[in-house]
Each structure stands twice: as structure tokens, then as C-alpha cells.
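Have a look at the structure below, then the notes.
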Amino acid sequence: MRFSQQRGFGFTVFLILAAELVCLHLAYARQMPRLSCLTGWALLGVILLLALYNGRKKLPFLPLLSSEEWLQFHIYAALLTGVLFAVHVSYKIPAGWFQGVLAWLYLLVMASGFFGLFLSRAIPKRLTTRGGEVLFERIPAIRRQFQERAEQLALQSVGESKSGTIADFYLRELKPFFSGPRNCSRHWSEDGGPVNRILAKISDVKRYLNEQERATLEEIAVLVRQKDGLDYHYAQQLLLKAWLFVHIPLTYSLLLFTAVHIVLVFAFSGGVR
Amino acid sequence: MPNPPPSIDRPQRWDAALDPKMSDATVERLLSTAPFSRMKTENFPGRLPLRDILKNDTRVHACRRGEIVMREGDYGTSAFLVLSGMVRVVLGQGLPAAMLGRRLFHRKNIFKLVAQLWAFQKEPESISVRDLSKDLSASTHDAHGEEVRICLQDVPRILDKHKTALIEGGEFFGEIAALSRMPRTASVFAESEESELLEIRWQGLRDLMKYDKELSRHIDQIYRERALAAALRRIPIFQRLSEETLKKVMAATEFGTYGDYDWSGEYKRLFQSGGPRPQEPVIAEEGDYPNGVLLIQSGFARLSQKFGHGHRTLNYLGAGQIYGLQEIAHNWRKPQSPVSLQYTLRVMGYTHVLKIPTGVMESLVLPEMAPRDLPALLSTAEDRPAAPSPAVDAAEKVGADMLEFLTENRFFNGTATMMIDLDRCTRCDDCVRACAAAHDGNPRFLRHGPISGRLMVANACMHCVDPVCMIGCPTGAIHRYAFGGQVVINPSTCIGCKACFHNCPYEAIRMVEIRDADGDILADQEAQPILKATKCDLCVEQITGPACQQACPHGALARVNLHGLEAFATWLKR
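Protein chains in written order, with numbering that gives the first Met the number 0: chain A, 0 to 272; chain B, 0 to 573.
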């Protein structure tokens with residue numbers, strides 16, 4: 000199935016179910032005072048199914064449908080929980096502090112999930128366009144290679160030209176740049192300003208160099224561009240990995256609060272009778 | 000003054016003889032034995048004397064009863080001549096995989112699948128000593144510290160259970176697979192207590208056939224008798240022919256082999272050095288008279304057409320595909336406006352072809368074809384080649400850049416190439432983790448490899464149509480899985496010789512140090528680590544199929560058959 004067909008199918012099913020839910024709620028809200036219990040249990044059931052996806056990932060060898068199918072379900076079922084949640088809370092954020100925290104937790108889980116989906120669709124294209132594909136785990140080693148090469152060139156220039164201009168420039172302007180990942184937030188916003196400023200400084204300092212030093216500095220400039228590309232991959236891949244560290248802990252918190260919420264509901268309202 | 004560049008002796012063909020210990024006395028003995036005693040030494044050129052071919056391209060094997068000489072399904076580079084004693088060829092249903100030193104893969108049941116959850120908490124690539132020798136029906140031995148061969152343990156029972164045929168002194172076997180690069184079609188084992196066989200590597204056999212017409216006729220006759228009819232019958236245009244007509248076609252069929260049998264090593268070396276790609280010899284050239292239909296039997300060929308000052312790749316042809324039929328059919332139907340060959344056909348690595356001459360096609364084959372099966376007429380309006388049809392021009396399906404990429408890197412060899420759509424891949428490594436989970440915690444591929452546009456071909460075994468990795472495996476440890484055709488390795492019989500590792504041009508095989516259950520590296524008596532080859536087995540033991548593909552959340556990874564581009568084009572346009 001094409002991705003567009005997949006999307007079309009998912010949205011259609013979601014819209015039908017969402018419309019039915021809203022209609023049912025409108026029709027029965029007044030007649031069934033305990034309807035919120037029903038919607039609550041339904042919401043919990045769907046959220047538990049969504050949470051199971053993480054477990055499915057740990058069992059790739061079991062015939063439990065493909066991860067792609069699970070993700071499709073995860074996305075559209077998550078959308079449906081939005082409708083269930085709205086119906087459950089009667090379209091308003093609860094006033095009590097516990098219920099309020101629970102509602103905000105749900106909204107944060109939902110928001111982080113859709114932010115993650117946006118990242119998952121947007122960042123791979125950015126990385127492909129930028130090129131220089133690199134494994135995330137290899138980035139520190141490659142960064143170290145760039146740093147060592149740049150330092151070697153800077154030191155070499157002292158011996159070759161009997162001048163410390165490049166070495167001084169390296170220590171002053173480039174050492175911090177090469178020593179670790181830089182400009183993450185700027186890379187997230189596709190802002191090439193920082194590297195352009197470094198390259199401009201390199202261009203400035205060239206006028207004080209002889210031919211041999213210029214060639215050395217040109218090599219360093221190439222390393223700067225490569226390191227910037229590496230930082231770009233680091234920043235983007237970090238974002239792709241990091242959002243899950245928000246989404247999953249929030250999900251567990253939500254499940255924990257939900258469990259307490261159920262206990263409270265049963266303790267103080269007598270539960271479903 | 001700069002130092003002159005270091006110089007070395009130019010490598011020569013016989014720098015590495017098949018058997019460095021081949022003695023002059025043995026060569027003399029061979030020269031006095033048929034068929035070599037009947038060969039005229041004066042027919043051989045000075046640079047390739049018969050004596051030197053025998054000395055460098057052959058070796059004598061003394062085989063014990065039950066010793067397996069060749070295994071069904073293996074890719075062998077040599078033919079054999081029985082010098083003394085007898086061997087048996089197993090006909091019909093072949094020997095069980097376990098007897099041939101192969102591993103029997105069974106799909107895991109649900110309990111074993113679940114058990115993988117805790118069972119893979121072992122050291123990387125660990126194996127117990129018992130597992131190393133668990134193949135009870137086959138044994139490896141190292142008689143003289145040189146060679147590892149597999150012996151059948153119970154020959155009388157095999158003779159009872161299987162239909163076999165005797166091959167006696169003076170007869171050849173294994174020549175078809177050696178010359179045409181097709182897998183061995185049967186297993187052969189030594190019947191006599193002491194048999195003596197002459198192994199002739201394919202280069203030597205090729206030269207012997209070239210300069211001794213009698214041997215050439217003999218081998219051709221064997222080929223025609225044993226394999227040609229079946230090969231032609233597999234091709235639709237010959238399926239309507241009567242037995243009698245087919246015999247006439249077979250009699251007129253010519254054979255041709257092009258390129259380098261061991262292309263993978265040279266290709267890999269040039270590829271790694273970043274140098275130019277190897278030359279691709281021309282089989283047939285655009286603009287030439289079409290003097291025959293070419294049927295690709297094995298290997299691959301590039302189909303291209305002149306474009307500007309270069310050539311544009313249109314497609315690649317593999318086993319079973321035909322070249323030149325459209326032109327010959329056109330000329331037969333419209334003799335008043337003949338056309339020349341429309342495309343150029345070049346060897347990619349190694350190609351074995353059958354050629355049916357134009358006269359035979361026109362008199363015997365084309366008249367028997369139904370009009371609807373005849374290829375379309377070519378446009379002859381202008382004095383230039385006709386535009387390729389969509390069926391020929393694969394660039395229409397996948398794009399010219401992608402086609403060049405697949406062809407340059409020879410990825411068309413893959414039947415389960417791991418393709419990653421980088422526009423959808425979130426680099427989450429779920430595929431790698433799934434692979435590790437399905438293989439005792441050891442992933443069998445790297446999510447890394449050549450990239451073209453938004454597609455990456457990862458360094459994972461592609462389960463090639465032409466698995467060059469299997470050439471030269473001394474124990475048959477690397478072989479095709481009998482049911483699915485996947486290329487798999489039996490760790491029990493892998494001796495860590497690295498032949499497959501060096502042969503694979505796609506860097507899909509890794510040599511790993513094996514550990515025991517405690518994590519200690521296993522070593523031999525000389526304290527050298529025990530190595531085993533590992534690679535993707537396409538999860539033959541898992542009921543879900545390839546775990547990597549199952550685990551990709553974004554549909555970015557697929558195992559694609561590139562032998563034919565339909566599936567790939569569909570996936571590409573998802």
C-alpha cells in the first residue's frame with residue numbers, strides 16, 4: 000500500500016470513529032450520568048494498547064504484525080484518544096489539581112507524540128539533503144579525528160612557516176569549535192550563521208599568511224565545514240532520539256496517575272454500580 | 000633528485016599454481032594418460048604449453064571411499080577427470096543436507112521464539128564446543144594439515160537409499176558448473192577405496208578446450224547431452240519446438256564465456272581503492288549485424304545504447320534473458336528494411352551465453368512462434384536506433400541515476416538487498432536491534448553502505464543470484480538453503496578460511512572471533528583465535544521473515560529483489 004493510501008485509510012477510519020463517538024456522546028450524555036465511566040475505561044484501554052507498542056519493539060521475532068503496522072495503529076488510535084479524552088472530560092480541563100495534572104499529563108504525552116511524529120517525518124529528509132550520512136555512535140570518534148587533524152595542521156604550520164599565526168588563531172577561535180558538539184539549537188533551526196562566522200574569520204586571517212600557510216588554513220577550513228556537517232547530523236539525530244526520552248517517561252507517569260485516578264474514582268464515588 | 004617509484008614484478012597467470020607441490024614426474028604421468036596423451040603439444044602456443052597448463056592448473060586428488068568430491072548446489076571452479084578408481088554421482092533426490100556438511104535450519108516454534116528473550120543474553124558470537132561438532136553425519140578432517148574434506152560415514156546405506164551412477168576412469172564430471180558458473184547439479188563421492196582424480200581449474204580447462212579440438216568437442220557434447228535441452232526448454236521461445244527441431248537447434252548452438260570468472264576479487268580491490276571500474280568486454284555491439292540470438296545462461300550483462308559521446312545504461316540482463324531477438328525477428332518479418340543491433344551488450348564480471356545463429360532462428364525457431372509472441376517491429380524511419388521500449392529501458396521505472404548506481408555497484412545480483420529509504424529512516428536502529436534479538440544478540444549487518452540520492456544499500460548479505468562468496472569454500476559451509484534459496488553459513492563446518500569474506504564484493508560477510516559460554520575467545524593449539532564467517536541469513540529460523548524489515552516502524556527498510564526491477568520500482572514509488 001502506498002503511504003498516501005495508508006494515510007487516507009487511517010484518517011477515514013479515525014474520522015468515522017470520532018464522529019460516532021461525538022454523536023453517541025451528544026445523544027446519551029444526559030440520559031447516562033455514568034457515561035464518563037465508560038469513556039474513561041475505553042480511554043484507558045486504548046492508552047494501554049498504545050503503550051504496548053514499546054513492548055512489541057522488544058519482541059521483533061514474534062508474529063505480532065510489523066512495527067510499521069503498529070505505528071500506524073499507534074498514530075490513529077492516539078488521535079482517537081484525543082476525542083475520547085475530550086468526551087470524557089466534557090470538553091474542558093478539570094478544575095481539581097490532581098485531575099488537572101492528569102489532564103495536562105495526557106495532553107503532554109499527546110503533544111510529545113505528535114511532535115515526535117513531525118520530527119520523524121521532517122528530520123530524515125533534512126539529513127538526506129545535507130548528505131554525509133554517519134552513524135550516531137561513530138560521531139565522537141570522527142569528531143576526535145577532525146580535532147586531531149586540525150591540531151596537527153596548526154602545529155605543523157609553526158614548524159614550517161616559523162610563525163604562530165595559525166596556531167594562535169586555532170587556539171583562539173577553533174579549539175572550542177573542534178572540542179565537542181557545537182551549535183545544536185542553531186542546527187535545529189537550520190541556521191548556518193555560526194559556521195559562516197568561523198569561515199569569515201578564517202578568510203580574514205588569510206591576508207596575514209604566506210602561500211604555504213594559506214594552503215594549511217584552507218585545509219583547516221575544509222575540516223571546519225566537515226565538522227559543521229558532523230554537528231548538524233549530531234544535533235538532528237540527537238533530536239530524533241531525545242524526544243522519546245520525553246514521550247515514554249511521560250507515558251509511564253500518565254499510566255501511574257491514571258491508576259491513582261481510578262482508585263480515587265472508586266474510593267470517592269462508589270465506582271460503577 | 001626524487002627517488003624512482005618502487006617497482007615489482009608484473010603478476011603472471013601462474014604465479015599461484017593450483018597445487019604448488021605438483022611435481023614434474025606427475026606431469027609426465029599425466030602426459031602419458033588419456034586424453035592428454037592424445038593431445039598434440041604443437042597445437043598449444045609457446046606461452047601456454049600443455050605441460051605448463053597441467054603443472055599449474057591441475058592437481059591430483061587421492062580420495063578415500065566416501066569422500067565427497069563435490070556437493071550439489073555448490074559453486075565450483077573446477078572440473079574433474081577420473082584418473083583411476085571410480086566415483087559415484089547421486090541422481091534424483093540428492094543427499095540430505097546434513098550429510099553434505101550443511102546445517103538443517105528449522106523454523107523456531109513459538110516456545111523457542113519466546114525463549115530468545117532470555118537466551119540471547121550470551122557473550123558475542125559464543126558457541127559451545129559441543130555445538131561445533133554437532134553435525135553427526137558428516138565429519139571434517141585435516142589429514143595432512145592442508146585440506147579439509149567431508150566424508151560420508153555410511154556409504155552402503157547411501158547406495159541402498161539413493162539412486163546413483165558410476166563414473167569410471169577417463170570420464171569428466173563437474174565441467175558444466177565450472178565453465179558456466181552454475182551451481183553443481185549433483186553430489187559426487189568416491190566409490191573406490193582409493194580413487195585418483197585430476198582437478199582442473201576452469202582457466203586450464205578453457206585453454207585445453209581452446210587448443211585441443213577433440214576435448215572441446217567432447218566437452219561440448221557432454222554439455223549438449225546433459226544440460227542444453229533443459230536450458231533451452233526453460234526459455235519460452237523454444238517451448239513450442241518439437242523434439243526433432245530442438246535437436247537441430249541444439250546442434251547449431253554455440254557457447255560463449257566472457258569476462259573474468261573470479262571478477263569479485265579484482266572488482267572489490269578497484270572499488271575499495273576508489274579507482275576506475277573494471278573494463279567491461281563487449282559481447283555484441285550496437286550497429287553490428289545481428290548474427291544470432293544470445294541467451295544469458297549465468298552471470299550478468301549490461302544493456303546500453305549510445306547517448307551523446309557515451310553510453311546510457313538501459314538495463315541489465317541475467318540468466319534466462321535474451322538479447323538480439325527483436326532485431327532478428329524484425330529482419331525476418333521485414334527483410335526489405337533490415338535493422339542492425341539496437342543496443343550494446345557488455346559483460347559485467349562474468350557471463351556465460353548460448354548463441355543461436357540467425358539462420359537457425361529464421362528457419363527453425365521464428366516460424367514456430369505464434370504471431371502474438373513475436374517481438375514488436377522496430378522503427379526504421381531514420382538512420383538511427385529506435386527508442387528503447389519501456390520493457391527494455393529500466394531507467395523509465397527507477398530513474399537513470401538509480402539504474403547507473405545499481406549497475407556500477409553490481410547490486411542487481413541481490414535477491415534480498417537491504418534498501419533503506421533515508422527520507423523515511425529515523426536512524427532509530429530498531430532494525431539493528433531486531434537483527435541482534437534474532438541472532439543471539441549479534442546483529443548480522445551494518446546500517447551503513449553506498450548511497451544514491453535518498454537510498455542506501457546497507458552492508459547486509461543480498462543473497463545473490465550469483466553468489467560469488469560460495470566459490471572456493473573448502474567445506475561447503477556457505478551454501479544455499481534448500482527451501483528458500485537463502486545463502487547461509489553452517490558454523491559447524493566453517494573453518495574460518497576467509498574465502499567467502501574475500502570473495503564477497505559487497506562487504507556483507509564478517510569474520511568474528513568465537514567465544515565460549517564464559518566469554519573467553521576460543522583459540523587453536525597455536526593460540527590463534529578461532530574465526531567463523533557470519534552474515535545475514537534472512538532470518539531463516541524465524542517465522543516472521545527478516546526481523547529488520549519487520550522492525551522498521553516507518554517502512555523505510557525493505558529487502559528487495561533487484562533481479563528484475565518491478566518490485567523495487569513499486570517500493571521506490573510508495
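Note that CB positions come from ideal geometry on N, CA and C, so glycine has one too. What you are looking at is a predicted structure, and each value in this text was computed from that prediction instead of being measured.
Query: In or out: proline 370(B) buried (at least 16 other Cβ within 10 Å) or exposed?; Result: exposed
Query: Where methionine 461(B) and isoleucine 508(B) are concerned, what is the direct C-alpha to C-alpha distance, given to the nearest angstrom?; Result: 10 Å
Query: Does the structure place the segment 347–359 of chain B close enough to the segment 395–403 of chain B that three or more beta carbon pairs sit under 8 Å?; Result: no
Query: Between leucine 58(A) and glutamate 147(A), what straight-line distance do the alpha-carbon atoms span, to the nearest angstrom?; Result: 42 Å
Query: Using CA atoms only, rank isn't needed, just tell me which of Leu521(B), Ile236(B), Ala185(B) is closest to alanine 164(B).; Result: Ala185(B)
Query: Could you pull out every residue in the same chain whose Cβ sits closer than 7 Å to the Cβ of valine 338(B), ignoring the five residues on either side in sequence?; Result: Glu326, His329, Asn330, Leu377, Thr379
Query: What span of residues does the beta strand (DSSP E) with glutamine 304(B) cover, start to end?; Result: 291–306
Query: Given a threshold of 16 other Cβ atoms within 10 Å of its Cβ, counted over all protein chains shown, does serine 178(A) qualify as buried or as exposed?; Result: exposed
Query: In the structure shown, what three-state DSSP assignment does phenylalanine 411(B) receive?; Result: helix
Query: Give the list of continuous alpha helix (DSSP H) stretches no shorter than 4 residues that lie fully inside the segment 156–196 of chain A.; Result: 164–168, 174–177, 183–187
Query: In angstroms, rounded to a whole number, what distance separates the CA positions of isoleucine 221(B) and phenylalanine 110(B)?; Result: 51 Å
Query: Leaving out the 5 sequence neighbours to the left and right, which residues in its chain are closer than 7 Å to glutamate 167(B) when beta-carbon positions are compared?; Result: Val81, Met85
Query: Just by C-beta distance, which residues in the segment 527–560 of chain B are closer than 7 Å to chain A?; Result: Gln541, Ile542, Thr543, Ala546, Gln549, Ala550, Cys551, Pro552, His553, Gly554
Query: Rounded to a whole number of angstroms, what is the C-alpha to C-alpha distance between alanine 121(A) and isoleucine 67(B)?; Result: 57 Å
Query: Output the distance between the C-alpha atoms of leucine 521(B) and serine 188(A), rounded to the nearest integer angstrom.; Result: 51 Å
Query: Pop quiz: alanine 149(A) and leucine 222(A) are said to be a contact at Cβ under 8 Å. What is the actual Cβ separation, rounded to whole angstroms?; Result: 5 Å
Query: Considering just the uninterrupted stretch of the alpha helix (DSSP H) at threonine 257(A), what are its terminal residues?; Result: 210–268
Query: Helix, strand or coil for isoleucine 529(B), going by three-state DSSP, please let me know.; Result: coil
Query: Is the shortest distance between the beta-carbon of alanine 436(B) and the beta-carbons of chain A less than 9 Å?; Result: yes
Query: Quick check on DSSP: helix, strand or coil for asparagine 314(B)?; Result: strand
Query: As a quick exercise: from Arg129(A), His246(A), Phe176(A), Glu159(A), pick the residue whose alpha carbon is nearest that of arginine 143(A).; Result: Phe176(A)
Query: Can you give me the start and stop residues for the beta strand (DSSP E) that histidine 73(A) sits inside?; Result: Note, histidine 73(A): premise wrong, no beta strand (DSSP E); alpha helix (DSSP H) at 66–87.
Query: Just curious, the alpha helix (DSSP H) that histidine 501(B) is in, first and last residue?; Result: 498–502
Query: Would a C-beta distance cut-off of 9 Å place proline 193(A) and asparagine 182(A) closer than the cut-off?; Result: yes
Query: Examine the Cβ distances between the segment 229–240 of chain A and the segment 199–214 of chain A and report whether three or more of them are shorter than 8 Å.; Result: no
Query: Rounded to a whole number of angstroms, what is the C-alpha to C-alpha distance between glutamate 242(B) and alanine 229(B)?; Result: 12 Å
Query: In or out: alanine 153(A) buried (at least 16 other Cβ within 10 Å) or exposed?; Result: buried
Query: What's the call for serine 297(B), buried or exposed, on a 16-neighbour Cβ count within 10 Å?; Result: buried
Query: Taking the CB atoms as reference points, tell me whether leucine 134(A) and arginine 426(B) lie closer together than 9 Å.; Result: yes
Query: Thinking methionine 69(B) and valine 187(B) are a contact (beta carbons under 8 Å), I'd like their distance in whole angstroms, please.; Result: 5 Å
Query: My guess is that glycine 255(B) and phenylalanine 299(B) are in contact by the Cβ rule of under 8 Å, so how many angstroms apart are they, rounded?; Result: Not a contact, Cβ separation roughly 15 Å.
Query: Let's see if you can read the secondary structure: which residues bound the beta strand (DSSP E) around proline 95(B)?; Result: Where proline 95(B) is concerned, there is no enclosing beta strand (DSSP E), given that its DSSP letter is neither H nor E.
Query: How many whole angstroms separate the CB atoms of cysteine 547(B) and cysteine 463(B), which I take to be in contact at a CB cut-off of 8 Å?; Result: The Cβ separation is near 18 Å, so there is no contact.
Query: Based on the DSSP secondary-structure assignment, which residues constitute the bridge partners of asparagine 458(B)?; Result: Leu445(B)
Query: Could you tell me which chain A residues have their CB closer than 9 Å to the CB of isoleucine 450(B), listed as they occur along the chain?; Result: Thr127, Gly130, Glu132
Query: Consult DSSP for valine 154(B) and reduce its assignment to one of helix, strand or coil.; Result: helix
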